[in-house]
Amino acid sequence: MSTHPTPKISRTPAFPLVWVVPLLAVVVGLWMGLRELHDRGPEITVEFADGSGLEAGKTTLEYHGVVAGMVKAVELRKDLKGVAVHVQLRKIAAPLANGGGLFWVVHPEIGFSGVHGLDTLVSGPHLAVRPGNGPPTKWFRGLDKIPPPEVSSHGRTFILKSDMLGSLSSGSPVMYRQLNVGQVEATRLSDDSTSVLIRIHIDAPYVDLVRTSSRFWNAGGISFKISLLGAQLKDSSLESLFSGGVAFATPDKPPLAPAAAEGAQFDLASDAEKEWTKWAPRIPIKSSETGPQRPGKGSLIPDLLKR
């Protein structure tokens, strides 16, 4: 006769499996919360004249295409003259809170200055920033439009004088033989309002291409002329065709004129004369590592951004 083993009765209470998933959710939530606190940087406030399209928890602050912060709240200012946007920066992006930083809203824009922010057609507007060098601060005044592009501290700056601005704007290219060698920095009316002053910056390797005898003309937009000799279409690069641009040339008849000094002023013609586009002087260019430095605030060039 066989005997069955005596069953063992455990006195330890069994853990209900139904609690496994909730406990894992709590652990993951705590881990994500601690990670969020660890990565959190300073909170800043940026004031804008208008907050259209900005949403808390959705609108991001981006720098070089990387998310550097998130909008926490958008509210009216107490004086009702704008909106205050509260932005939580990531810890790694804390230097963006330095004084002097520039903040603006990126919207889709198509104009003479080019095409900007087309990605926001799907994702919505986002904030962009250009860092400053001042001490850390928590308050900034936002810009109403994209700021002029940054230019290198190397190179040389010149002033062009024109009757009309045309399609030129900050960021428009400056070209030599259809090669981009600089850009337009700023534009404004002359002090007597009879002309337009255009400040351009030539990159360091190409500064010696600009001579005292150089000729500048507006190379942007589309120009179609009909005369007894036939029709003529302005020969422009694709970039300048849509965003506007300046071109220049230097006479090739010896002796070669001296290089133009910082802040030299030239007239800007509406079109190039036929002989200008045929000039091809031999002018050595410098490497980008050895270009002359641009003078500081004490230079003789007038600041076109200030009146």
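Each residue of the sequence shown is one higher than the one before, counting from 2 in this note's numbering.
Where is the CB? At the ideal position from N, CA and C, for every residue including glycine.
Delimiting residues of the beta strand (DSSP E) encompassing residue i
i: L198; result: V197 to I203
i: P174; result: P174 to Y177
i: D80; result: It is not in any beta strand (DSSP E) - D80 carries neither H nor E in the DSSP assignment.
i: L166; result: It is not in any beta strand (DSSP E) - L166 carries neither H nor E in the DSSP assignment.
i: A129; result: H127 to R131
i: G183; result: L180 to L190
i: I93; result: Segment: none, I93 is in no beta strand (DSSP E) and carries neither H nor E.
i: I45; result: R41 to F49
i: L210; result: Taken as a continuous stretch (DSSP letters only), L210 belongs to no beta strand (DSSP E), as it is neither H nor E.
i: R283; result: Where R283 is concerned, there is no enclosing beta strand (DSSP E), given that its DSSP letter is neither H nor E.
i: T61; result: T61 to Y64
i: A270; result: Q266 to A270
i: W20; result: It is not in any beta strand (DSSP E) - W20 carries neither H nor E in the DSSP assignment.
i: L103; result: L103 to V107
Reduced DSSP category for residue i - H, G, I as helix; E, B as strand; rest coil
i: V72; result: strand
i: G30; result: helix
i: T138; result: coil
i: T251; result: coil
i: L55; result: coil
i: L257; result: coil
i: T278; result: helix
Close beta carbons around residue i, own chain, < 7 Å, minus the five adjacent residues each side
i: P150; result: S171, G172 and Q184
i: A95; result: G42 and P43
i: A97; result: The question names Ala, yet the displayed sequence has Leu at residue 97. Closer than 7 Å at the Cβ level, and outside the excluded window around L97, lie Y64, A69, L90, V130 and P132.
i: H202; result: V152, G156, T158, G183, Q184 and E186
i: G52; result: V75, V84 and V86
Nonlocal neighbours in the same chain, by C-beta distance under 8 Å from residue i, ignoring five residues either side
i: H127; result: T60, T61, L62, E63, V106, V107 and T121
i: L269; result: L161, K162, S163, I199, F217, W218, N219 and V247
i: S214; result: T251, P252 and A258
6 Å CB neighbourhood of residue i in its chain, flanking five on each side removed
i: D181; result: As written in the sequence, residue 181 is Asn, which differs from the Asp given in the question. Hits under 6 Å: P174.
i: V29; result: none
i: G100; result: G133, G135, P136 and T138
i: W140; result: T46
i: W277; result: R216 and A250
Task: the stretch 85-101 touching the stretch 59-66, judged by at least three CB pairs closer than 8 Å - done: Because the criterion of three Cβ pairs below 8 Å is met, the stretch 85-101 and the stretch 59-66 touch.
Open item on the list: Quick test of the definition: if touching needs 3 or more C-beta pairs under 8 Å, does the stretch 76-83 touch the stretch 168-176?
Closed with: no
Task: At least 3 beta-carbon pairs within less than 8 Å: the stretch 243-255 vs the stretch 276-289 - done: yes
Task: Three-pair Cβ contact test at 8 Å for the stretch 265-272 versus the stretch 152-167 - done: yes
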